[in-house]
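Under the working numbering, think of the first position of the sequence shown as 338, with each following residue one higher. We put the CB at the ideal spot given by N, CA and C, even for glycine. Since the structure is predicted, the reported quantities are computational estimates derived from the model, not experimental observations. What follows is one structure encoded as structure tokens, with my remarks underneath.
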Amino acid sequence: CFPPFFFTSMHRGIQLLSCIRLFYSFVLFLFLLWVCIFFRVLNLCSTCDLVFAHPPVSLLGSFPCVAVVFAVPHEDQQIQLATIMALRAQFENNDDIGVFSKLTNSYCLVAIGGSEAFYSVFESELADVIPVVHASIAGCRIIGRLSVGNKNGLVVPNSTTDVELQHLRNSLPDAVKIHRVEERLSALGNVIACNDYVALVHPDIDKETEEIVADTLGVEVYRQTVANNVLVGAYSVLSNQGGLVHPKTPSQDLDELASLLQIPLVAGTVNRGCEVLAAGMVVNDWCAFCGMTTTSTELSVVESVFKLNEAQPTNVTNNLRASLIEAMS
338 CFPPFFFTSM HRGIQLLSCI RLFYSFVLFL FLLWVCIFFR VLNLCSTCDL
388 VFAHPPVSLL GSFPCVAVVF AVPHEDQQIQ LATIMALRAQ FENNDDIGVF
438 SKLTNSYCLV AIGGSEAFYS VFESELADVI PVVHASIAGC RIIGRLSVGN
488 KNGLVVPNST TDVELQHLRN SLPDAVKIHR VEERLSALGN VIACNDYVAL
538 VHPDIDKETE EIVADTLGVE VYRQTVANNV LVGAYSVLSN QGGLVHPKTP
588 SQDLDELASL LQIPLVAGTV NRGCEVLAAG MVVNDWCAFC GMTTTSTELS
638 VVESVFKLNE AQPTNVTNNL RASLIEAMS
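Shown next, in the form of structure tokens:
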């Protein structure tokens, strides 16, 4: 026995609720349209899969017919979307991280038995893109100085055991060639510097080793010195984007090397003035790791010459996308 005005008020309330729900749907539609246009402008939609996330349930009810569309990169696009930066790390209180690791565009080797914190630094940045593998060479942890590699292959000294060689073959991508070489200058990382296209080698390296390096790594090989030092692998670090060489390299030699390698080169240091660059850092085309004592100035030079900061707009996109997903989930 309700008065008539009660039913009238209830009817108006239902109408108001329906209007509010309709308005909510319209606003959400406009927001989704803006998101799609935003990602399309950034040219992400054409190279991405689509993931649907339903909006949150509210007092107004859920709208299962409406979905938020976000772009998620294919695996082959993850490198372009990876976080680009230069980081500091230490191997058991040792800043010579390049001695205990090897980084390329298709894999990363980390010395076996080292600190888990050291391994986790690489894994947190690289594990979603390339394999990070614990390894040893000839029973030693100085894998960065005993081996040389790029995205195409890995060359190790003859002292590498069969077990170690098999472990590398099982752990690295199938496309990576692995070759064990008989070489008098067995610290291959000290006598060879390379990227994915060109290699500088010690002037006295064996001709057979030179041919194996060229075939396994798929590079052109040049016998060179860096600042009159024959240990080109120790005093230079190269990627496909740029290179860092001994700080005392004459400008004329710097220009000649840059012309030979077809990449920009800069003379610099790491670990607060250390000239043995390859011992203090590792780098690929999107990420670099330096010793903990590397100064901010040295780090900025590394980021500049290897062009690690050029993909910062992508980082902004990733952060925005993550915040949107979090807000709508």
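Assigned secondary structure, residue i (DSSP; H/G/I helix, E/B strand, else coil)
i: residue 478; result: coil
i: residue 356; result: helix
i: residue 577; result: coil
i: residue 609; result: coil
i: residue 425; result: strand
i: residue 486; result: strand
i: residue 673; result: What the structure shows of the chain is the stretch from 338 to 666, and residue 673 is not part of that stretch, so it cannot be assessed.
i: residue 507; result: helix
i: residue 513; result: coil
i: residue 438; result: strand
i: residue 491; result: strand
i: residue 636; result: helix
i: residue 602; result: strand
i: residue 370; result: helix
i: residue 643; result: coil
i: residue 457; result: helix
Exposure of residue i, with buried meaning 16 or more beta-carbon neighbours within 10 Å
i: residue 406; result: Only weak support is given to the placement of residue 406: the predicted model assigns it a pLDDT of 36, under 50, and the value that follows is read from those uncertain coordinates. Burial call: exposed.
i: residue 356; result: exposed
i: residue 492; result: buried
i: residue 588; result: exposed
i: residue 553; result: buried
i: residue 428; result: buried
i: residue 686; result: The requested residue 686 does not occur in the structure, where the chain is confined to residues 338 to 666.
i: residue 495; result: exposed
i: residue 623; result: buried
i: residue 586; result: buried
i: residue 465; result: exposed
i: residue 646; result: exposed
i: residue 367; result: exposed
i: residue 363; result: exposed
i: residue 635; result: buried
i: residue 450; result: exposed
i: residue 571; result: buried
i: residue 500; result: exposed
i: residue 454; result: exposed
i: residue 548; result: exposed
i: residue 544; result: exposed
i: residue 512; result: exposed
i: residue 462; result: buried
i: residue 435; result: buried
Sheet register partners of residue i (DSSP bridge)
i: residue 472; result: 448
i: residue 628; result: 426
i: residue 431; result: 428
i: residue 364; result: Looking at the DSSP assignment, residue 364 forms no beta bridge with any residue, so it has no partner.
i: residue 619; result: 626
Residue i CB to nearest heavy atom of the ligand FAD below 7 Å
i: residue 640; result: Among the components of this structure there are no ligands whatsoever, and the ligand FAD is therefore not found.
Presumed contact (8 Å Cβ cut-off) between residue i and residue j, rounded CB distance
i: residue 423; j: residue 625; result: 4 Å
i: residue 538; j: residue 560; result: 6 Å
i: residue 497; j: residue 517; result: 5 Å
i: residue 524; j: residue 482; result: 5 Å
i: residue 486; j: residue 441; result: 5 Å
Which whole runs of the alpha helix (DSSP H) in the segment 515-600 are 4 residues long or more, in chain order?
525-528, 544-554, 588-598
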